[in-house]
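Quick note on my numbering: the sequence shown kicks off at 102 and runs consecutively. Cβ atoms here follow ideal geometry from the backbone N, Cα and C, with glycine treated the same way. First up is the structure itself, then whatever we jot down about it.
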Amino acid sequence: MQLEETLSYDDVLLQPSYSDFLPGDTDVTTTILPGVNLQIPILSAAMDTVTEDRLAIALALEGGVGVIHRNLPPAEQARQVGMVKRFLNWVIESPVTVDEDQTVHEVWEIMTGYRISGLPVLSGGRLCGIITSRDMRFCRDYTLKVRDVMTPNPVVEVGRPDIESAKEKFDTHKIEKLPVVDGEGRLTGLITVKDLEKHNDFPHAATDSSGRLLVGAAISPNDVDDRLPLLTESKVDFVVLDTAHGDSRNVADAVARVKDRYGIPVIGGNVATVEGTRRLIEAGADAVKVGVGPGSICTTRVVAGIGVPQFSAVVWAVEAAAKTGTPIIADGGIKYSGDVVKALAAGAHAVMIGNLFAGLRESPGREIIFEGRIFKSYRGMGSIGAMKQGSADRYGHSATEEPVPEGIEGRVPYKGELSPFVHQLVTGLRKGMGYCGCRSLDQLRKYKKFIKISAAGLREGHVHDVVITQEPPNYSR
């Protein structure tokens, strides 16, 4: 029997080197999948107390990407993906519309459901007007037809939309929505002034080729054909095979099925070995997610007695993916921004974060007040509550059998909004790159100057021999 030594993030440090630039000069962009380019190397975990549409939107605006969890009915998950994709556009290619014979009441329901403030109006398939919340502000009779309330003959952009021409029309006519029509008056798109403002406000947002925010969705090997048609209709950018044991036949078969039937980028996972990584790549995975048991709410290593400390798992996976250049996503075990630096220096193209995001305002977990402080609920997808609500198959259980949990339910401190929190993480990453003399993430992945530290070295690196009187936003014990 041969016992191999393995390491976690706390077991290593990066050795500093000469640098001739400032941390702010570093490039933290990365590509995690074909056509999926991120401005920051961060994904949010597909957990039901971490990522739904609000957090996915907030993270994509900062340059990362969220993965909508699958403890949702397929239609609801697809709806949330659609909400993210509609939040930001250059041109909305398939805008929500109403017919001139519909009622004002129906319009309000549509606007509320999609969280939008105006709709193009069609008659016989052609644009005849536009109705906005301003048109309905003083309407008291919700049984009125749209034609009685709408603004007829709106200003339009004809043919191939031009952003500069659109900006000029917004300024000249003091409008907020500009329909795009073809030569016969058929609606082909919609440009909104809010979208143009958002692009100016968030110049580093992670977007697709049409200017829409990037978003992913989690799926199971058992529901590929239930979720994928709806997700592709909602224009999801990629899917994640979300299982606890990715090195299994059903996951490899599911990866192959997704690629064969739907042709959409797919991340396979989770694995923690060289062999597991290779098998997913051979099955067709465009990226591989690594991490078995490193999460703060995960008890897999205790319950099942298996796992690999996360730093070693990432190193092994990167080694297996080197020949094909397949990106590796380091999932779990991130406690501080320094762990992000270590994961990327180990060779990962991006990290996936759960715990650190669970306490943010945009996360779906409920708020809890305990002893005068605000917390948010956070649970593992292997917890009893999550398994009963749909994630049991992630851990090899059927929906009807008594769950044997591999995670817990708990709470994390409330951290405020995502934007300033992500700024702390990314600036910590940039500082680490500066200390190593690495201008880009590609250089950081090739750096490889790690040192192993002792328990005493770990204690020395943390705050010691002092009582903290002013807590910094990026450090807590």
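Beyond the five residues adjoining it in sequence on each side, Ile-193 comes within less than 8 angstroms, by CB distance, of Arg-187, Gly-290, Leu-291, Ile-292, Thr-293 and Asp-296 in the same chain, given in chain order. Ala-431 is a Cβ neighbour of Val-391, given a cutoff of 8 angstroms. Counting only the Cα atoms, Pro-504 lies some 9 angstroms from Tyr-496. Here DSSP, grouped into helix, strand and coil, assigns Asn-138 to strand.
Take the alpha-carbon of Pro-322 and the one of Glu-105: they are about 32 angstroms apart. DSSP places Cys-539 outside both helix and strand once states are collapsed to three, so it counts as coil. Taking all protein chains shown into account, Asp-112 has 16 or more neighbouring C-beta atoms within 10 Å of its C-beta and is therefore buried. Judged by DSSP secondary structure, Met-453 falls within the beta strand (DSSP E) whose first and last residues are 451–454. Between the stretch 511–521 and the stretch 532–541, the count of C-beta pairs closer than 8 angstroms stays below three; the two stretches do not touch. Around the Cβ of Ser-118, a 10 Å sphere holds fewer than 16 other Cβ atoms; the residue is exposed. Annotation: the continuous beta strand (DSSP E) that includes Arg-227 extends over 227–233.
Two segments are said to touch when three or more pairs of C-beta atoms, one from each, lie closer than 8 angstroms; by this definition the stretch 172–182 does not touch the stretch 134–146.
Sixteen is the threshold: when 16 or more other Cβ atoms of the shown chains lie within 10 Å of the Cβ of Leu-162, as they do, the residue is buried. The residue from Glu-334, Gly-426, Asp-263 and Ala-405 with its alpha-carbon nearest to that of Gly-508 is Ala-405. Nearest to Pro-135 by alpha-carbon distance, out of Val-527, His-524, Trp-417 and Ser-310, is Ser-310. Taking the CA atoms as reference points, Leu-160 sits about 26 angstroms from Ile-211. Annotated three-state conformation of Ile-365 is coil, per DSSP. Secondary structure at Arg-474: strand, using DSSP grouped into helix, strand and coil. Between Ile-232 and Val-250 a beta carbon distance of about 6 angstroms is seen, short of the 8 angstroms cut, so the two are scored as contacting.
Note on Glu-153: 16 or more other CB atoms within 10 angstroms of its CB, so buried under the neighbour-count rule.
Remark: fewer than three beta-carbon pairs, one from each stretch, lie closer than 8 angstroms, so the stretch 542–554 and the stretch 453–466 are not flagged as touching.
A residue is called buried once 16 or more other Cβ atoms fall within 10 Å of its Cβ, and Val-393 is buried on that count. Under the DSSP assignment, Pro-221 falls in the beta strand (DSSP E) whose first and last residues are 219–224.
Beta-bridge annotation (DSSP): Cys-399 is paired with Gly-508.
Val-389 is not a Cβ neighbour of Thr-333, given a cutoff of 8 angstroms. Contact between Ser-464 and Val-151 holds, since their C-beta atoms are separated by about 6 angstroms, short of 8 angstroms. At a Cβ-Cβ threshold of 8 angstroms, Val-168 and Ala-319 count as neighbours. In this structure, Thr-213 lies away from Ser-413, with their beta-carbon atoms at least 8 angstroms apart. In the three-state DSSP reduction, Glu-269 falls in the helix class (H, G or I). Taken atom to atom, the span from the alpha-carbon of Val-341 to that of Val-208 is near 35 angstroms.
If you look at Ile-429, you'll find it in the beta strand (DSSP E) that goes 429–432. One thing to note: Leu-331 has its Cβ within 8 angstroms of the Cβ of Ala-176. If you ignore the 5 residues before and after Thr-425, its C-beta comes within less than 7 angstroms of the C-beta of Ile-382, all in its own chain and listed in chain order. The count of Cβ pairs closer than 8 angstroms, one atom from the stretch 343–351 and one from the stretch 369–386, reaches three, so the stretches are in contact. At a Cβ-Cβ threshold of 8 angstroms, Ile-429 and Val-441 do not count as neighbours. One Cα belongs to Phe-339, the other to Ala-353, and the distance between them is close to 17 angstroms.
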